Amino acid sequence: MSGRPYIRPVSTTRWWLSEGRYFRYMMRELSSLFIGAFTILLIFGLYQLSQGQAQFESFTAKLMGPAGTAFIFVTFLFSIYHTYTWFQVTPKAMPIALAGKRLPGFVIVATHWLGFVLVTAALWLLVAG
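Quick note: the sequence shown, position 66, residue 642 per the numbering used here, numbers continuous.
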């Protein structure tokens, strides 16, 4: 026996591909980057709107191109994934007790999804009509 502890070799660049949970974690983190970039894009869109109709129409025309549409679609998928993963972790991050008993996790998750659907429907009705 040499006396030196065994140190398992770990890839510094591909460690997250070795297990499904690591991959899901990294996809959740990557989703945050897309959502942040989309937020910056929306702020820039507000700036373009403040510069006049011609500037804003030019901005929206670029967004409706293939690259803009692909970016918005990927960001949408990432936002759904991010929402799903956050709702799944909510019972652990925010345990709720009523009358001294902890609510089951599925109740907390279902309540979050119900709120999500109701707020989405209310916004849809407000915008669409």
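For glycine and all other residues, C-beta sits at the position ideal for the given N, C-alpha and C.
Bear in mind the structure is a predicted one, so any value in this text is a computation, not a measurement.
Secondary structure of LEU699, DSSP reduced to three states: LEU699 sits in a helix when the DSSP states are folded into three classes.
Spatial distance of ARG604 from ARG597 (CA atoms): Rounded to whole angstroms, the gap between the alpha carbons of ARG604 and ARG597 is 11 Å.
Residues near ILE611 in its chain [Cβ-Cβ closer than 7 Å; skip 5 each side]: Same-chain partners within the cutoff: THR651, PHE654, SER655, HIS658.
Delimiting residues of the alpha helix (DSSP H) encompassing GLU595: First-last for GLU595: undefined, no H or E at that position.
Three-state class that DSSP yields for ALA675 in the structure shown: ALA675 sits in coil when the DSSP states are folded into three classes, being neither helix nor strand.
Coil, strand or helix - GLY621 by DSSP: In the three-state DSSP reduction, GLY621 falls in the helix class (H, G or I).
CB of ILE684 within 8 Å of CB of THR661, strictly: No, they are not a contact pair.
Span of the alpha helix (DSSP H), counted from its first residue to its last, around GLY644: Unbroken alpha helix (DSSP H) run through GLY644: 642 to 669.
SER626 - DSSP class collapsed to helix/strand/coil: SER626 falls in the helix class under three-state DSSP.
Under 8 Å between C-beta atoms of TRP689 and PHE663: Result yes, Cβ atoms of TRP689 and PHE663 sit closer than 8 Å.
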